[in-house]
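Asks: Okay, so the sequence shown: first residue is 1 according to the UniProt record's numbering, each after it adds one.
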Amino acid sequence: MGVMPFGSRNDVKDDAASIMAFMNSENGEGLTMDEASFVATTNSVTSMVAAKEETRQAVADDLNSSRSCPCEWFVCDDDQNDTRYFVVQGSESIASWQANLLFEPVKFEELDVLVHRGIYEAAKGIYHQMLPYVKSHLNASGKSARLRFTGHSLGGSLAMLVNLMLLMRGEAPASALLPVITFGAPCIMCGGDVLLRRLGLPRSHVQSITMHRDIVPRVFSCHYPDHVANILKLANGNFRSLPCLTNQKLLYAPMGEVLILQPEERLSPHHHLLPPDSGIYHLGGASSSSRSNDEASLPQLRSALSAFFNSPHPLEILKDGGAYGPRGTVYRDHDVNSYLRSVRAVVRKEARRAREAERDRWRLLFWWPFGVHGVSTSSSGSGSGSGGFVDAVAEAARRAHLLAVVLLPAELLALGALLVVATRLR
């Protein structure tokens, strides 16, 4: 299995130079590198939202150019399963932050579903770069070909959009597109679940793994007060027709399935809405394969998602002085290495539980005939041997669903590819 990196890192030096220039200016005098970066980003948000359409279009044209790439991406093959993995890194360059900041809504593929403009424009560019590698794999492996898209942060959102664009543009059949796995990706669609239904895809086609306190998935999906919504609508007319902002008080709604990753408490404090244990928790009621149950449970699911994405609210996170810097909570709860470390810890823990349950099961199976013989010849009739066996089987069954959630979506090959991304980010 080989790993091929794509994209350009040449603009990293330009990023540092831009921030250093701000630090040396009158406005940035006396600021540290991290503080200057934060102030520069804040100024960029304000200017981008209120910018004229010509300026925003120029940024969009630069993002969707096939010659530029806001993120590096990697390709690796699993020859045994005829699966090609596309792994996209998160925000690191100025180009990637331009994609994040151009967050006004536009139509996705000319439909009435709205999408984050900057990330959509970036997806158009990366789509054309990936397309030859998609076609070559489909041609080489035929009907058995499978494509898996995954990524962290902005990379996860790009991976999801490219996956959907391949299907909608007829470049890949639905049978070849495995569910998209994202890690710490922002929500970027208004009407995403409607789009999945329209395409005949289950909600499980998009599986978003988010750290329990990660600010990035919350940014566009938290509650926006009326005065903030009014400012956005005054500054940019595109927000006036955004249903999510009008009806749900958020910019973009979560889509697909949400899996909450709670790490060990020594890495990050446990979330008060989750059980007091590390794990990957599936936020949802009915099985995603049941459309009718999905419809019935949608209001409850929206309520649960709203409670989670607003607790803590991004403003609560940012008002804490310990949130900033390379050792701050924002970086800690969003860093790709935190995701890797936490997922691996959960996989190891659940695998250990499964092995212990299997050992107990075989131990009981071995001793069960002796227990039955003892019961039949004993006057006590306690039946403790069979009871222990039943309890062990029940315990194994209760744990099996969590093991499946951990091991099946977060396949080890994808984690290996993400590990390569993490190494390149160092």
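The C-beta atom is built at its ideal place from N, Cα and C for all residues, glycine as well.
Cα-Cα, which of Ala174, Leu147, Arg213, His313 is closest to isoleucine 181?
Replies: Leu147
Asks: Using the three-state DSSP reduction, which class does valine 113 fall into: helix, strand or coil?
Replies: coil
Asks: Could you work out which residue in Ser153, Arg169, Val113 is closest to valine 134 when comparing CA atoms only?
Replies: Arg169
Asks: Nearest-angstrom Cα distance between alanine 172 and isoleucine 188?
Replies: 23 angstroms
Asks: For residue 431 and histidine 282, I'd like the C-alpha separation in whole angstroms.
Replies: Past the boundaries of the shown model lies residue 431; the chain is included only from 1 to 426, so the question cannot be answered.
Asks: Return the chain-ordered list of same chain residues with a C-beta closer than 6 angstroms to the C-beta of methionine 165, the five sequence neighbours on each side being excluded.
Replies: Tyr127
Asks: What does arginine 152 pair with, by DSSP beta-bridge criteria?
Replies: Just to set this straight, residue 152 is histidine in the shown sequence, not arginine. Note: histidine 152 sits in a beta bridge opposite Phe183.
Asks: How do the stretch 218–231 and the stretch 149–157 stand: do at least 3 beta-carbon pairs fall below 8 angstroms, yes or no?
Replies: no
Asks: Look up leucine 340 in the DSSP assignment and say whether it is helix, strand or coil.
Replies: The DSSP-derived three-state label of leucine 340 is helix.
Asks: Measuring alpha carbon to alpha carbon, tell me which of Ala159, Pro326, Glu264 ends up nearest arginine 344.
Replies: Per the Cα distances, Glu264.
Asks: Is the beta carbon of threonine 329 less than 7 angstroms from the beta carbon of glycine 321?
Replies: It is not a contact, given that the beta carbons lie outside the stated cut-off.
Asks: Which residue comes first and which comes last in the alpha helix (DSSP H) that contains leucine 232?
Replies: 226–235
Asks: Mind checking which residues open and close the beta strand (DSSP E) that includes glutamate 257?
Replies: 257–262
Asks: Count the other CB atoms, across all protein chains shown, that sit within 10 Å of the CB of glutamate 72; report buried if there are 16 or more and exposed otherwise.
Replies: buried
Asks: Looking only at C-alpha atoms, which of Glu356, Lys319, Val216, Pro254 sits nearest to tyrosine 331?
Replies: For tyrosine 331, the nearest C-alpha among the options comes from Val216.
Asks: Using the three-state DSSP reduction, which class does residue 429 fall into: helix, strand or coil?
Replies: Residue 429 is absent from the structure shown; the chain starts at 1 and stops at 426.
Asks: Would you tell me roughly how many angstroms separate the C-alpha atoms of arginine 203 and leucine 196, rounded to the nearest one?
Replies: Distance between the alpha carbons of arginine 203 and leucine 196: 7 angstroms.
Asks: Under the rule that 16 or more other beta-carbon atoms within 10 Å means buried, what is phenylalanine 103, buried or exposed?
Replies: buried
Asks: CB alanine 123 to CB leucine 167, shorter than 7 angstroms?
Replies: no
Asks: What's the gap between the Cα of glycine 206 and the Cα of phenylalanine 366?
Replies: Correcting the residue type first, residue 206 is valine in the shown sequence and not glycine. For the pair valine 206 and phenylalanine 366, the Cα-to-Cα distance works out to about 43 angstroms.
Asks: Between which two residues does the alpha helix (DSSP H) holding residue 430 run?
Replies: The structure shown does not extend to residue 430, since the chain is modelled only from 1 to 426, so the question has no answer here.
Asks: Leaving out five residues on either side along the sequence, give the residues of the same chain with a beta carbon under 6 angstroms from the beta carbon of glutamine 89.
Replies: Apart from the 5 residues on each side of it in sequence, glutamine 89 sits with its Cβ closer than 6 angstroms to the Cβ of Cys71, Glu72, Gly155, Val421 in its chain, given in chain order.
Asks: Note down, in chain order, each residue of its chain lying with its Cβ closer than 8 angstroms to the Cβ of histidine 334, except the 5 sequence neighbours on either side.
Replies: Ser153, Gly184, Met211, Asp214, Ile215, Val216
Asks: Is the separation between the beta-carbon of glycine 192 and that of methionine 255 shorter than 7 angstroms?
Replies: Judged by beta-carbon spacing, methionine 255 lies within the 7 angstroms limit of glycine 192, meaning their Cβ atoms are closer than that value.
Asks: In terms of alpha-carbon separation, which member of Glu257, Phe309, Arg240 lies closest to histidine 272?
Replies: Phe309
Asks: Give the C-beta separation of isoleucine 209 and leucine 259 to the nearest angstrom, bearing in mind that I take them to be a contact with Cβ-Cβ under 8 angstroms.
Replies: 5 angstroms
Asks: Return the CA-CA distance between leucine 305 and alanine 145, expressed in angstroms with no decimal places.
Replies: 35 angstroms
Asks: In the DSSP assignment, what residue or residues form a beta bridge with glycine 279?
Replies: Gln262
Asks: I need the DSSP call for isoleucine 126, collapsed to helix, strand or coil.
Replies: Annotated three-state conformation of isoleucine 126 is helix, per DSSP.
Asks: Cα separation between leucine 114 and alanine 357?
Replies: Their backbone Cα atoms lie some 47 angstroms apart in a straight line.
Asks: Helix, strand or coil, according to DSSP, for leucine 267 in the structure here?
Replies: coil
Asks: Bridge partners of valine 87, per DSSP?
Replies: Phe74, Thr150
Asks: Look up isoleucine 215 in the DSSP assignment and say whether it is helix, strand or coil.
Replies: For isoleucine 215, the secondary structure class from DSSP, reduced to helix, strand or coil, is coil.
Asks: Starting from proline 243, trace the alpha helix (DSSP H) both ways and give me its first and last residue.
Replies: That run of the alpha helix (DSSP H) goes 243–248.
Asks: Can you look up lysine 143 in the DSSP assignment and give me helix, strand or coil?
Replies: helix
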